[in-house]
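Here the structure is laid out as structure tokens; the discussion comes afterwards.
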Amino acid sequence: AFFGTTVLKGSATCVVFATGDRTFLGEVAASMQGARRPSSLEVQVAHFVHLTAAAAICIGLLVLGANLLSKRQRTPAEILENCTTALFTQVPEGLLPTVTFSLMV
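FYI, the numbering for the sequence shown is 130 to 234, going by the working numbering.
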């Protein structure tokens, strides 16, 4: 078989010079078994996601502090709603356009 092809009919004379893992297909299979290194884009996107998540958590904590120190008394449900709103609005609003723009460049 040449690169994985097979003969269905007929006859042939051939010389076998490699079998198993030493063939082209064996090398391809071996290369797929190892750990894949992430591309530079994957590394940059992961870094950006971590920065965005850290910023969102910081903003959520700042909103929590502002709600707790406010003169107006809020219920725990209102405080939780304000914090989660501040936290979750950071990620979708900032992540999608930036990743899209970075893929365009």
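Even for Gly, the Cβ is constructed at its ideal location relative to N, Cα and C.
Judged by their CB atoms, Ala215 and Val192 are nearer to each other than the 9 Å cut-off.
When rounded, the separation of the alpha-carbon atoms in Thr152 and Ala185 is 51 Å. Here Ala141 is actually not in contact with Asp150; their C-beta atoms are around 24 Å apart, not less than 8 Å.
Annotation: the continuous alpha helix (DSSP H) that includes Gln162 extends over 153-162.
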